[in-house]
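As structure tokens, the structure follows; a few thoughts come after it.
Protein chains: 2
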Amino acid sequence: MFQDFKQAGDRPVVIQVKEYMKRLIIKGALQADQKLPSTRELSVLLKVSRNTVIAAYEGLEDDGFTYAIPGKGSYVAMVGHPDAEQGGADSSAAWHLDWKAKMNEYAQSAVELDLMKQGIRAGKGTISFTSIAPDERLFDLGDVRRAFMDRMAIEGQVLLNYGYAKGYKPLIDYLMRYMENKGVDPSGKEMLITSGFTEGFDLVLSALRPLTRRGSALCENPTHHTAIKNLKLHRFEITGIPMERDGINVEQLEAVLQKSNRFDLAYLTPSYHNPTGIVMSPAKRSAVIQLMRHYQIPVIEDGFNEELRYSGAHVSPLIATAGRGNGVIYIGSFSKVLFPGLRVGWVLGDRALIDHLESMKRARTIHTSTIDQSILYQYLINGNFDKYVKKARLEYKRKYELTKACCEAHLPEAQLSGDGGLHLFLTFPSVVDTQRLLEACTDQGVIFTPGDKFFVQEGEGTNTLRLGFSRVTDENIERGIQIISEQVRSVFQAGPLGMGEDEI
Amino acid sequence: MFQDFKQAGDRPVVIQVKEYMKRLIIKGALQADQKLPSTRELSVLLKVSRNTVIAAYEGLEDDGFTYAIPGKGSYVAMVGHPDAEQGGADSSAAWHLDWKAKMNEYAQSAVELDLMKQGIRAGKGTISFTSIAPDERLFDLGDVRRAFMDRMAIEGQVLLNYGYAKGYKPLIDYLMRYMENKGVDPSGKEMLITSGFTEGFDLVLSALRPLTRRGSALCENPTHHTAIKNLKLHRFEITGIPMERDGINVEQLEAVLQKSNRFDLAYLTPSYHNPTGIVMSPAKRSAVIQLMRHYQIPVIEDGFNEELRYSGAHVSPLIATAGRGNGVIYIGSFSKVLFPGLRVGWVLGDRALIDHLESMKRARTIHTSTIDQSILYQYLINGNFDKYVKKARLEYKRKYELTKACCEAHLPEAQLSGDGGLHLFLTFPSVVDTQRLLEACTDQGVIFTPGDKFFVQEGEGTNTLRLGFSRVTDENIERGIQIISEQVRSVFQAGPLGMGEDEI
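Taken in order, these protein sequences are the chains called A and B. Taken in order, the first sequence gives residues 1484 to 1987; the numbers are from the numbering used here. Taken in order, the second sequence gives residues 1484 to 1987; the numbers are from the numbering used here.
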């Protein structure tokens, strides 16, 4: 015994010795009421200082693994679990439940719809256009550190104890003002802080989903694949409305609404729509609000990337267009602009709705990390956000234009869309199957996101793809797009329809 | 115009000027294509430096609210939303949805079951025994700051970008070892990091709840009121098994199981059970595991307060007792011991189960705050945890003994239970209605948690209460318990049954 002790570099030795002894006791290698080696003996056996052993023995006693008899030494206080090691026939080791069989439909579809468990993993050196997460090299760590230290200095311990389900009050006040500056009329509305956009969206769907029948939802087509996933997960049937250069096709929206008015909600992303990057025109925003109001359909507005505008005038969100109307739920987040690692988002909507969401939030996660909320708050009031967004906008705009230029040069047959944000959306002639294209490109060390998963119906958008450029270097943007271009030609030139001059 | 600008101390003036101008544009007070005052004019009007105005104008242009004509000045780029202000008849302001009516049963019960929306609020100067949150004065802020800085220095920006749904790998590895040191056999098991115990519990219930019928759950009676809330929220019928001094009544448990074996799961808190503070004996732990295994009932083990042991030998958790068996799901958290503000907990269980929970977690919140996880991780490997727990244990043990002594002196008629943790549980003669007692005490500036809400059936435990002492000063513990004692006498002495000498 005591031969197999090995020191690891990462933790204090006292703790390592303590844990080592705990194992021996738990395994039953040291029996109950057995005397432990003297501290001097063990220090020799484990090749550690005697003080280390003394401290470790104290810890073992504190944790109830041993007891000391003054003048005699330390003794094992508990009976080990040989089970945990051998697991004999009559031991609980035999207990085996089939968990997969116990998972309900919701849990099962969560796995089936989990894109992360399907997507192609990027190997080393692969040029990956799949991410639309911000480029962390733009993060101003110093400002974040300062924000943390400033806030800790002001509030100290309070930040580490329980907060409120609704959110960190100073942040709520700040974000309410922030939304007012986008033109939102706050009367009758309240805000709930969530762990990012996703939690906000999941809470809203959980509250609005019909429990006795499948729900029905309207959305732009294509749209954010995570939104499609969560709508399906909550058993909504989805009706997609095609996109135009200036946003959702309002005539078709109206036609659909005239046909059936059994929609429980609409999910819309008016600014820098994901994946097309299109910004809905002010005229369409009013038209959409008028329609939704007429048919009394609650609107969930995704504030996605609103901050990453590269050109054109500011456009107020739908919730601002609705004025005092309470039909729009706005879900915001800085994740795509600022720090996704700080899981902070917000839901702005009618007071009665927020009251319900608050209780649901409390039952699910109690509250969002106070550290995250307070760092974000201090970062904002320190004026770092404006400074950062200015910098980020410049850099992303440059990359956006580079990506656009490369696509125009090397992929002339593809239709581009995207007025801002961290990605471009490409539509190829129908002959180009982007899943097949992806397979070919993967072999050449380039990956992207095939567009079909952004479409509501199976088999739609098989000729589209999304290029996320935020985390790709300039030279890789060029190389990657060239490689995609080569593959388009080698794989589809001889395709059934080929590509006529007209198309190229 | 420009008369109503007021500087606030809390943010950079540039931002305040920018926001002020945005409001005017959005309100339509400044019309599209209208020329803004020159920077010199505005600096005089708003009484701020000209450079401030110049910077603010740049910001307005960046955000698309204005455009500049070189040599001429800045002009308004967008049309405001007078709607948002007045809301005329034909505006969307008329749009009013009845959100309360749109909330489904789940959202409604979330509010109905939300204790925070019922509990008595403590006024200033009130002695409150309702909290069992840790005493933040024990928090070692310096160590937390260091943990943050250390981790930022090591990983930097990465901490601020997206993490993994499963959790922060170094923390998972650490906690797996931590659980092994409690005697857990890790084979076939995996871990998911959650935003505290509550998210873990909610995820597990969401995955196991039957969707076509009401579920049925077993638990100790009384038990953690939040657990009761979440079980009800997920439409479980709850069967409570009475407690004994050494834990759940195993005979009754067996009797119930023999009668009906249609239980979907059992929820158990073997260590420092909430609210009774009882620790289940090793013998009972084996017996419970044998029973659950025989009847094939999944066990959710709440690791609540396991670290706050004040006396007696270490007792391994149920998941350790189960050896290689996969029937126990362990949900852990340091919230009650360490920092509740850091929303970090963990679910340890069968690989197939964790795989499903991971996808559910991804669909709901993407992942737990990386900052929270990495601060906790660094704090742990810096060896601060052992140091802190040692300190906290001493302090809470002292308070625990003081509270116990005061209860024995002033409330001799009450039965005490609790071997550790941050609270004591009192059971009075049946004549004492603790809701009525609370009303009387509230008038005297003392509040506590009536015990009935910890019981499964309406009307049970009306003569019980929970005293949380972690955040009450020594003198207030004494004063508070004296006041409770006085009220017990003045309110119930002359009660229907009164209290015979024997009872006092």
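Heads up, the beta-carbon is just placed ideally off N, CA and C, and yes, glycines get one too. Being a predicted model, the structure only gives us computed values, none of them experimental.
Quick check: residue i and residue j, are their CB atoms within less than 8 Å of each other?
i	j	result
residue 1885/A	residue 1967/A	no
residue 1934/B	residue 1917/B	yes
residue 1560/B	residue 1549/B	yes
residue 1545/B	residue 1873/A	yes
residue 1724/A	residue 1736/A	yes
residue 1579/A	residue 1760/A	no
residue 1837/B	residue 1675/B	yes
residue 1691/B	residue 1587/A	yes
residue 1584/A	residue 1839/B	no
residue 1959/B	residue 1505/A	no
residue 1993/B	residue 1937/B	Given that chain B is displayed from residue 1484 to residue 1987, the structure contains no residue 1993/B and the question cannot be resolved.
residue 1899/A	residue 1887/A	yes
residue 1964/B	residue 1627/B	no
I'd like the list of long-range same chain contacts for residue i, defined as Cβ closer than 6 Å, with 5 residues on each side in sequence excluded.
i	result
residue 1611/A	1605, 1930
residue 1757/B	1707, 1787
residue 1680/B	1814, 1816, 1828
residue 1805/A	1772, 1811
residue 1763/A	1730, 1753
residue 1528/B	1485
residue 1682/A	none
Counting only the same chain and skipping the five closest in sequence on each side, list residues whose C-beta sits under 7 Å from that of residue i.
i	result
residue 1666/B	1799, 1803
residue 1746/B	1699, 1700, 1701, 1780
residue 1770/A	1733
residue 1490/A	1496, 1499
residue 1670/B	1807
residue 1833/A	1671, 1672, 1809
residue 1792/A	1903
residue 1573/B	In this prediction, residue 1573/B scores a pLDDT of 45, lower than 50, which makes its location untrustworthy; the coordinate-derived value is nonetheless stated afterwards. Closer than 7 Å at Cβ, skipping near neighbours: no residue.
residue 1501/B	1539, 1542, 1543
residue 1950/B	1612, 1886, 1906, 1907, 1909, 1931
residue 1523/B	1533
Pick helix, strand or coil for residue i, following the three-state DSSP scheme.
i	result
residue 1628/A	helix
residue 1543/A	helix
residue 1833/B	strand
residue 1988/A	This structure leaves residue 1988/A out entirely; chain A is present only between 1484 and 1987.
residue 1708/B	helix
residue 1720/A	strand
residue 1495/B	coil
residue 1485/B	coil
residue 1747/B	coil
residue 1668/A	coil
residue 1792/B	strand
residue 1888/B	helix
residue 1963/A	helix
residue 1761/B	coil
Cutting at 8 Å between CB atoms, please list the residues of its own chain near residue i, excluding the five before and the five after it.
i	result
residue 1749/A	1700, 1701, 1702, 1775, 1780, 1781, 1782, 1783
residue 1657/B	1860, 1863, 1864
residue 1635/B	1642
residue 1558/A	1516, 1517, 1518, 1519, 1549, 1550, 1551, 1552
residue 1953/A	1614, 1615, 1616, 1617, 1618, 1879, 1882, 1905, 1906
Say yes only if the C-beta of residue i is nearer than 7 Å to one or more non-hydrogen atoms of the ligand MN, and no if none qualify.
i	result
residue 1588/A	In the structure shown, the ligand MN is absent, as is every other ligand, since no ligand is present at all.
Listed from N- to C-terminal order along the chain, which residues in the region 1640-1659 of chain A have their beta-carbon within a distance smaller than 8 Å of any beta-carbon of chain B?
1640, 1641, 1642, 1643, 1644, 1645, 1646, 1648
Indicate whether the contact test is met: 3 or more Cβ pairs, each with one atom in the region 1847-1862 of chain A and one in the region 1698-1708 of chain A, closer than 8 Å. no
Mind checking the region 1876-1888 of chain A against chain B and listing, in chain order, the residues whose C-beta falls within less than 8 Å of any C-beta there?
1876
- Of the residues that make up the region 1595-1608 of chain A, which ones have a beta carbon closer than 8 Å to any beta carbon in chain B? 1596, 1597, 1599, 1600
> Does the region 1631-1649 of chain B come within contact of the region 1616-1623 of chain A, defined as at least 3 CB pairs closer than 8 Å?
Replying inline: yes
Next on the checklist: Does the structure place the region 1620-1632 of chain A close enough to the region 1865-1875 of chain B that three or more beta carbon pairs sit under 8 Å?
Outcome noted: no
Using a Cβ-Cβ cut-off of less than 8 Å, list which residues of the region 1950-1974 of chain A approach chain B; keep chain order. none
When you check each C-beta in the region 1711-1736 of chain A against every C-beta of chain B, which residues fall closer than 8 Å? 1712, 1713, 1716
Taking any Cβ of chain A, which residues in the region 1898-1924 of chain B have a Cβ under 7 Å from it, in chain order?
none
Item to check | Interface positions of the region 1621-1633 of chain B facing chain A (Cβ-Cβ less than 9 Å), listed along the chain | outcome: 1621, 1622, 1624, 1627, 1628, 1631, 1632
What are the residues in the region 1778-1792 of chain B lying within 7 Å of chain A by C-beta distance?
1779, 1781, 1792
Give, in chain order, every residue of the region 1793-1809 of chain B whose Cβ lies closer than 9 Å to some Cβ of chain A.
-> 1794, 1795, 1796, 1797, 1798, 1799, 1803, 1804, 1805, 1806, 1807, 1808, 1809
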